[in-house]
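Visitor: The opening residue of the sequence shown carries number 1 in the working numbering; numbering runs sequentially from there. Beta carbons are placed, not taken as given, at the ideal position from N, Cα and C, and that holds for glycine. Small disclaimer: the values here were computed from a predicted structure and weren't measured. Attaching a single structure in structure tokens format; questions to follow.
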Amino acid sequence: MLFPSLPLVVYTRLRPQTVPVFLRLGQTGIREVIVADHDDHPDRLIDLLLSAAARAVSRRLMREIEDVVRIWPGELRWAVETMIREPASLHTVQELADRARMDRRTCARWFTKAGLPPPSVMLMVFRIAYAHRLLQDPGYTIEDVATRLGYSKARPFAQHVKEVFGMTPGELRVSLTPEAAITKLRERYFSSGRTAATAG
Numbered sequence: 001m002l003f004p005s006l007p008l009v010v011y012t013r014l015r016p017q018t019v020p021v022f023l024r025l026g027q028t029g030i031r032e033v034i035v036a037d038h039d040d041h042p043d044r045l046i047d048l049l050l051s052a053a054a055r056a057v058s059r060r061l062m063r064e065i066e067d068v069v070r071i072w073p074g075e076l077r078w079a080v081e082t083m084i085r086e087p088a089s090l091h092t093v094q095e096l097a098d099r100a101r102m103d104r105r106t107c108a109r110w111f112t113k114a115g116l117p118p119p120s121v122m123l124m125v126f127r128i129a130y131a132h133r134l135l136q137d138p139g140y141t142i143e144d145v146a147t148r149l150g151y152s153k154a155r156p157f158a159q160h161v162k163e164v165f166g167m168t169p170g171e172l173r174v175s176l177t178p179e180a181a182i183t184k185l186r187e188r189y190f191s192s193g194r195t196a197a198t199a200g
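In structure tokens:
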């Protein structure tokens, strides 16, 4: 793809001549196609565009830490990728450790070795990074985003947003572009890991 960081969704009509085009697009990395008058309900379009945008953010976050996690066991890397792509699927360090097939202490040691904050902090950071993406959609209330990410109430969600970005969810919604959010996360949470990887 020419711009692999951009979330792309193809919206088209289904005709015999478009099938080979779909196959070629798949080879370039485009995974989402909406067929007009078939699966283009407005709710479906919104969900798909949000998912594509979230995947783009997830890829950016993975690139931020890929140098430092390269030495990790494969199962831990895959667990962390899941944590980044689907932050609502892992809520605790124990769940992360179970997914990586190791105990919590071993899991924490790998994070320390990589120069990253503890896994409990990283779980929070990746959930709030994902929340930032969802908050860009005016169709979602703050409560909607909190619920989607597994928070039972908006208050602990707001506390985590404040801890990660230093602002309220309402301020986060209007104050930071995706690029600025990634930069802030890099400076606050990933810079030590990059230094450790360079030194190693």
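Return the first residue and the last residue of the beta strand (DSSP E) that V9 is part of.
Guide: Looking at the DSSP string, V9 is not in any beta strand (DSSP E), and its letter there is neither H nor E.
Visitor: In the DSSP assignment, find the alpha helix (DSSP H) that holds I128 and state where it starts and stops.
Guide: Membership of I128 in the alpha helix (DSSP H) is indicated by the continuous run 119 to 135.
Visitor: Please determine, among Y151, A146, R186, the residue with the shortest C-alpha to C-alpha distance to G170.
Guide: The candidate whose alpha carbon is nearest that of G170 is A146.
Visitor: Once the 5 residues before and after P119 are set aside, which same chain residues still bring their CB inside 7 Å of it?
Guide: V93, L96, C107, A108, F111
Visitor: Under 8 Å Cβ to Cβ from P73, same chain only, skipping five residues before and after it: list those, please.
Guide: A100, M102, W110
Visitor: Buried or exposed: where does E64 fall if 16 or more other Cβ atoms within 10 Å of its Cβ makes it buried?
Guide: buried
Visitor: Got a sec? Which residues, its chain only, sit under 7 Å from P87 by beta carbon, not counting five neighbours each side?
Guide: F126, R127, Y130, L149
Visitor: Distance, Cα to Cα, D67 vs Y189?
Guide: Taking the straight line from one Cα to the other gives about 14 Å.
Visitor: So, for A36: in the same chain, excluding its five sequence neighbours on each side, which residues have a beta-carbon less than 6 Å away from its beta-carbon?
Guide: R13
Visitor: Less than 8 Å between the CB atoms is what I'm expecting for A154 and E143, so what's the real figure, rounded?
Guide: 5 Å
Visitor: In the structure shown, what three-state DSSP assignment does D43 receive?
Guide: helix
Visitor: By the 10 Å Cβ neighbour count, where 16 or more other Cβ atoms means buried, how is L135 classified, buried or exposed?
Guide: buried
Visitor: Using the beta-carbon count (16 or more within 10 Å), is H41 buried or exposed?
Guide: Under this definition H41 is an exposed residue.
Visitor: According to DSSP, is G166 part of a helix, a strand, or is it coil?
Guide: It is coil, neither helix nor strand.
Visitor: For V69, which option in A181, V161, G115, P20 has the closest C-alpha, if you only look at C-alpha atoms?
Guide: Shortest Cα-Cα distance from V69 to any of A181, V161, G115, P20 involves G115.
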